[in-house]
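Here's the structure, in structure tokens; my notes come after.
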Amino acid sequence: MKFIVSSNLLLKQLQSISGVLSTNNALPILDNFLFELRENELQVSASDLETTMTARLTVDMAEDEGMVAIPAKLLLDTLKTFADIPVTLDIDKENFGVSLIAGEGKYRLAGQNGEEYPATEQIEGGNGFKIEADILHNAISKTIFAASTDELRPTMTGIFCEINSEGLTFVATDAHKLVRYRRKDITTEESASFILPKKPMNQLKNTLVADDVPVEIEFNEKNARFVFKNLTMTCRLIDGKYPNYMAVIPPENPNKLTLDRSPFLNAIRRVSLFSNQTTYQVKFKIAGTELLLKAEDQDYSSEAEERLNCHFEGNDMQIGFNSKFMLEMLNSLETDQVVMEMSEPNRAGLILPLDSEDKDEDILMLVMPVMLNQQ
Amino acid sequence: MSSSITHTILSNRKIIHIDMDAFYASVEQRDNKAYQGKPLAVGGGSQRGVVAAASYEARKFGVRSAMPGKQALQKCPDLIFVKPRFTHYKNISQQIREIFLEYTHLMEPLSLDEAYLDVTRPLKGKNSATLIAHEIRKRIFQETGLTASAGISCNKFLAKIASDINKPNGYYVIRPEEASVFIEKLPIGEFFGVGKVTAQKFQKLGIHNGMDLRNASRALLMKYFGKNGLFFYDIARGIDRRKVEHDRVRKSVGAENTFHKDLLSEAELNKAMEEICDTLYLRLHKAGVWGKTLTIKIKYHDFEQITRSRSFSEGIHNRDSMWHLACTMLHANRHPGKPIRLLGISFSQLEAAENRPGRQLRLNLKNY
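Protein chains in written order, with the numbering used here: chain A, 1033 to 1407; chain B, 2 to 369.
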């Protein structure tokens, strides 16, 4: 097995899949990239058993088909040092030794039998749909931060994906905050739902370029596969039932606060610096057309307050929120204005973008308050 | 009139005094078979040391606590001296106190080996102080392999007298009406609040026992002992108004179980753990708290005990998570070939389940 490839092209492809590599692999062979050569098409793969990512590229002067596992870190480190030059990889089929010839240099790496590399899960007879890369990128970015890190509730550590004739929904929640991202323009005839784990979704988010190439998503009971351009990612789905998130989204919220997003965000950011560093509590005191943000840290005798003009419909109220959550949510929205819908100081508050440019997109963010001290 | 009403109210209290039998010495005998049935002294082995505790075998020879080691050895030439292990005794004492706390929050430890319990309104068990005392003594023995004596009465003073009557490994109930019989015979030095100096003062007044004390007038007692004189006047009549002082803020909630037969298989242990989780779950609910730190306790058939803790970012309030975590911790830490006689789990770093200021509220997601 032998071929010639541009060092930059190979490096770029390996880098786009290297995020899957884990630092503590159960199987030592997973510290390698799998190289598979068929005619003049080279497939390179990285896997952590849960997720496998593959890139395809065309190589020159291919001789002998075959597969080999090559130590990932050493190969990446080596390729990074080259200017863009052609490199020759020559693999000894007997002992899987890898010779890398570049310019005047010759390097030998100890490869392993590619047959021992865990096979990628096949998805047969699965359902599927298509989505544009930038939309998928957006859907992941806007939800993933709300997913739980609590391994006690594995289903909540992922992004719940639901597709049917009415549209596509992505949901993530850690029971303190929740994001629901919905689109009407992507539909399937058959209804389906599954839970995507966080790690591969982060990897996907980083790999998806913000352009409109289509991403094909296929899935069955156990796995989902994302195919776009020359890349394929297959990941194991999280097994289990996602909590009934719809039941916790309050339908009626009499108190509606409308604000310019960016001044609101900046004010919370400043005030939160003075908040108690375990609760990050910021008090919202809303009266008439004024919102007073207040934070204090009694341990350090520091406090801050800031007034903002707002549009408010409803009864004057006081409510406390964790400012970290507020910042995450306001940061991931893009509209100039946002609406906060609330009912009681111990009930969920909703954050909704106002006048979004993307009319097919429907974003709802929910945040649970922090109990305020009496008075 | 008013005094007799007070008396009636006070007589309705149910106080238990629990006193471990030769505690330190019994622990050493429990942990080392070679010491069993032999005269043993904890402490006193060094040049000028005094005996901290003596086994009943040693007491037969007249060995007493606070006796210099040298003197003890003269009385009992075969006496075995053992170095005290106070941390060890303290851990066992804690184990015993956890048992008490299951029955009442009104628990006042006097030292590592004795405590008062007010079980007028017990948290569990039968509404009988005698039966509760019986149950507690039984559990102490099951869980530590040690014996305790109990005294049951309507106040601390009488309960303490009672615990001495059938010692070791016995109990006695002093009913209010029969209190005087016991008080009359009690040497004056054994009354609460009577130390060496006060005892001498009493002797000078010709007061040598409870009977003498009761015959002393209130005026006389007040003249010589001031305010304490009133206390002595009452106590000679079996009246003791002192409350069981419990200054202990609840820091943990736990549950545990000693098994009829020692358990070894994973399946048996998981099942046992599930039952304990159910109990603990109810207790947490009752107490209105969630805990952030989970501690498991494993006691092997040979009484070796280990505890392991793990902390989480937020309180655990789901029974299944509790069970899952407890089992994971159990199997990761237990000695796989060693039979287990007791399992326990407890939560500490408690947080109020309800509206505590600054608490981050959670969505009420069904089943999560």
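Ideal Cβ positions, reconstructed from N, Cα and C, are used throughout, including at glycine.
Please confirm whether A:Q1306 and A:E1284 have their CB atoms less than 7 Å apart. It is worth fixing the name first, because residue 1306 of chain A is Phe in this sequence and not Gln. Not in contact: A:F1306 and A:E1284 (Cβ atoms no closer than 7 Å).
Closer than 6 Å by C-beta to B:I307: which residues in its own chain qualify, once you throw out the five before and the five after it? Chain order, please. I299
Simplified DSSP assignment, three categories, for A:P1246: strand
Under 7 Å, Cβ to Cβ, is there at least one residue of chain B near A:P1283? no
Cβ of B:R249 within 7 Å of any chain A Cβ: Residue confidence is low: B:R249 scores 48 on pLDDT, short of 50, so the model does not pin down where it sits. Its coordinate-derived value is still stated next. Output row for B:R249: interface = no.
Burial state of A:S1223, where buried means 16 or more other Cβ atoms lie within 10 Å: exposed
Quick check on A:F1296: buried or exposed, where buried means 16 or more other Cβ atoms within 10 Å of its Cβ? buried
Member of A:F1035, A:L1324 and A:M1358 whose CA lies at the smallest distance from the CA of A:D1124: A:F1035
What's the gap between the Cα of B:R249 and the Cα of B:K127? Bear in mind that a pLDDT of 48 at B:R249, under 50, signals an unreliable position, so the number given afterwards is only what the model happens to contain. Those two C-alpha atoms are separated by around 24 Å.
I want to see whether chain A comes within less than 7 Å of B:S322, judged by CB atoms only; does it? yes
Between the alpha carbons of B:R335 and A:P1229, how many angstroms are there, rounded? 32 Å
Chain-ordered neighbours of B:R360 on chain A, where CB pairs are closer than 9 Å: T1311, V1402 and M1403
Any 3 or more C-beta pairs closer than 8 Å across the segment 148 to 163 of chain B and the segment 200 to 207 of chain B: no
On the DSSP bridge list, what partners appear for B:I297? B:R309 and B:I346
Under 7 Å between C-beta atoms, does B:L364 make it to chain A? yes
Distance between beta carbons of B:P340 and B:H302, contact taken as under 8 Å: 4 Å
Check for me: the beta strand (DSSP E) holding A:Q1075 runs from which residue to which? E1073 to S1079
What in chain B is Cβ-close to A:T1205, meaning under 8 Å? L364 and L366
In the DSSP assignment, what residue or residues form a beta bridge with A:R1212? A:V1203 and A:L1396
Extract the residue ranges of the beta strand (DSSP E) inside the segment 1033 to 1118 of chain A, only unbroken runs of 3 or more that lie entirely within it. 1034 to 1038, 1064 to 1070, 1073 to 1079, 1083 to 1090, 1092 to 1095 and 1098 to 1103
Delimiting residues of the alpha helix (DSSP H) encompassing A:P1232: K1230 to T1239
Cβ-Cβ separation, A:L1386 to A:M1397 (assumed contact under 8 Å), whole Å: With 8 Å as the limit, A:M1397 and A:L1386 do not qualify as a contact, their Cβ atoms being about 13 Å apart.
Can you tell me the Cβ-Cβ gap for B:G63 and B:K71, rounded? I've got them flagged as a contact below 8 Å. Not a contact, Cβ separation roughly 14 Å.
Give a yes or no on whether the C-beta atoms belonging to B:T131 and B:D119 are separated by under 7 Å. no
Against A:V1076, what residues of chain B qualify as contacts under a CB-to-CB distance less than 8 Å, listed in chain order? Residues of chain B passing the Cβ test: none, with the nearest at roughly 37 Å.
DSSP state of B:M68 mapped onto helix, strand, coil: coil
Pick helix, strand or coil for B:N229, following the three-state DSSP scheme. helix
Hey, could you find the ends of the alpha helix (DSSP H) B:A26 is sitting in? F24 to D32
Cβ contact (3+ pairs, closer than 8 Å) linking the segment 1361 to 1370 of chain A and the segment 313 to 332 of chain B: no
I want to see whether chain B comes within less than 7 Å of A:N1410, judged by CB atoms only; does it? One cannot answer for residue 1410 of chain A here, as it falls past the ends of chain A, which runs 1033 to 1407.
To the nearest angstrom, how far is the alpha carbon of A:I1246 from that of B:S322? According to the sequence provided, residue 1246 of chain A is Pro. The question's Ile does not apply to it. When rounded, the distance between both Cα atoms is 41 Å.
So B:V43 packs on B:Y57, CB below 8 Å; how close in whole Å? About 13 Å; that fails the 8 Å criterion.
Could you tell me if A:S1355 is buried or exposed, where buried requires 16 or more neighbouring beta carbons within 10 angstroms of its beta carbon? buried
With a cut-off of 7 Å, does the C-beta of A:L1325 fall near any C-beta of chain B? no
Suppose contacts are defined by Cβ-Cβ distances below 7 Å. Is A:A1094 in contact with A:L1069 by that definition? yes
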